[in-house]
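Residue numbers (our numbering): 1 to 438.
So this is what it looks like as structure tokens:
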């Protein structure tokens, strides 16, 4: 997502998964990989903000836990009959964590990804000090993490009412506006404008902040202004390189975002360089390896593409994007047999129904290995799931029926080719296949 973890965006360049099946020929589909939908993303409840065709914000820094055990131990001692010199009320007051401790604990659990528990601690901090801007920002981040965007926005806005120059409140508010847009572009079509206005306010406070420039670049990307996004993210990358505050994972994130903008501007060599820097900065980043594999394939480097995509799958076996990319690259680079297991694994993953081209690729792999019935089954999935309808999917469905040659298959193939031509009248391969049936 460009999204801060984040996930397909409206107004952005067409994801590679879509490019892979639009306007292709039967001999070989367009040289682009299914790069863009970590489809757990497109669930009704929320959109996971880490899709491969979008830009991402920084992941939270992992922090050491605060001394919660001391508080728990004190409570256990009380239950065991330990007597305090102070009266009960005073003892309760002294044994309770203060606002700063509760915020620190909330941040700790937020960094671990336990957003519900983090929200509890921030709420407890606000119970002690309802005007704490830091607690409100923490609460907003936890709510945003849980997909409760309206409540998160309300928390950030409350923080800014009390402290208009709170930089992190502005940055996270801009991010949450984007998340809300991505979750429902129709209902929240104006949120990108809100995000841009908000991050520009942050920029006025801290122009030379890599986080601010990264977020601004994300917003510009989502708005479709690739040139401005490029300039902004180049600035973010320069600032990040010299920053003592950012860790290598955050610096890697900026390089990934910059590489994606280069990629969508068709400056593939620059994209490859950015993704390589991202991998060097954070070798454990599946996203960096995935993008490097994708762009290497587009540059006709099958060996590097397969290696990097295999690394991505090993680092994150749950990533549909990486699994899909690896299967498609293996197929396009000639390892049809090897692609079968990878593509079959990908279509079984959560959200694969949102990537119909995967099923068409799998159908083609089965077709080339002589498994015609499986080819028909998967080709049917690809044709029926595609939205908008895909001429390519129907062409390959027709090919599978024609190859099987059972009773009624000629008519089924004819119907599929005709449907392909209804979708794309210029589809020459479908026209030629239809002529062979007459």
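Cβ coordinates follow ideal geometry from the N, Cα and C atoms, glycine included.
Check                                                                                                                             : Outcome
Exposure label - residue 223; buried when at least 16 CB within 10 Å                                                              : buried
Residue 355 (DSSP reduced to helix, strand or coil)                                                                               : coil
Residue 7 versus residue 202: straight-line alpha-carbon distance, rounded                                                        : With a pLDDT of 34 at residue 7, under the threshold of 50, the modelled position of that residue is not reliable, and the figure given next carries that caveat. Approximately 23 Å, taken between the alpha carbons.
Residue closest to residue 96, alpha-carbon to alpha-carbon, out of 115, 127, 118                                                 : 127
Alpha-carbon spacing of residue 373 relative to residue 293, whole angstroms                                                      : 32 Å
Spatially closest choice to residue 184 from 361, 147, 165, by CA coordinates                                                     : 147
Beta-carbon contacts of residue 404 that lie in its chain and below 6 Å, excluding the five residues immediately before and after : 372
Burial state of residue 199 (16 or more Cβ within 10 Å)                                                                           : buried
7 Å Cβ shell around residue 346 - same chain, five flanking residues per side excluded                                            : 320, 323, 324, 327, 352, 358
Outcome for residue 9 when other beta-carbon atoms lying within 10 angstroms are tallied against a minimum of 16                  : The predicted position of residue 9 is uncertain, since its pLDDT is 31 and thus under 50; a value taken from the coordinates is nonetheless stated next. The residue in question, residue 9, is buried, as its Cβ has 16 or more Cβ neighbours within 10 Å.
First through last residue of the alpha helix (DSSP H) which encompasses residue 231                                              : 226 to 241
Rounded straight-line distance, which links the Cα of residue 366 to that of residue 337                                          : 9 Å
Integer-rounded CB distance, given that residue 156 should sit under 8 Å from residue 167                                         : Not a contact, Cβ separation roughly 12 Å.
Buried or exposed (CB count within 10 angstroms, at least 16 for buried), residue 428                                             : exposed
Residue from 398, 354, 412, 375 with nearest C-alpha to residue 385                                                               : 354
Cα-Cα separation between residue 150 and residue 280, rounded to whole angstroms                                                  : 38 Å
Buried or exposed (CB count within 10 angstroms, at least 16 for buried), residue 105                                             : buried
Residue 334 - containing alpha helix (DSSP H), residue span                                                                       : Taken as a continuous stretch (DSSP letters only), residue 334 belongs to no alpha helix (DSSP H), as it is neither H nor E.
Three CB pairs or more closer than 8 Å across the stretch 240 to 250 and the stretch 266 to 276                                   : no
6 Å Cβ shell around residue 424 - same chain, five flanking residues per side excluded                                            : 391
Limits of the unbroken alpha helix (DSSP H) element including residue 189                                                         : Counting along the chain, residue 189 falls outside any alpha helix (DSSP H), and DSSP gives it neither H nor E.
Distance, residue 267 Cα to residue 342 Cα                                                                                        : 29 Å
Residue 314 beta carbon near the ligand NAD (any heavy atom closer than 7 Å)                                                      : No copy of the ligand NAD appears in this structure; indeed no ligand is present at all.
Cutoff 6 Å; reference residue 305; Cβ partners in own chain excluding five residues on either side                                : 293, 296, 297, 329
Residue environment, residue 435, which counts as buried when at least 16 other CB atoms sit within 10 Å                          : exposed
At least 3 beta-carbon pairs within less than 8 Å: the stretch 157 to 166 vs the stretch 179 to 194                               : no
Contact with chain D by residue 139, beta-carbon distance below 8 Å                                                               : No chain D is part of this structure, which consists of one protein chain only.
Neighbour-count burial assignment, residue 233, 16 or more Cβ in a 10 Å radius                                                    : buried
Check whether residue 315 and residue 271 have beta carbons under 8 Å apart                                                       : no
Ordered list of alpha helix (DSSP H) runs contained in the stretch 277 to 354, each at least 4 residues                           : 286 to 298, 302 to 315, 320 to 332, 336 to 347
Candidates 348, 265, 169, of which the one nearest residue 225 by Cα                                                              : 265
Span separating the alpha-carbon of residue 348 from that of residue 340                                                          : 12 Å
Alpha helix (DSSP H) segment containing residue 427, residue limits                                                               : First-last for residue 427: undefined, no H or E at that position.
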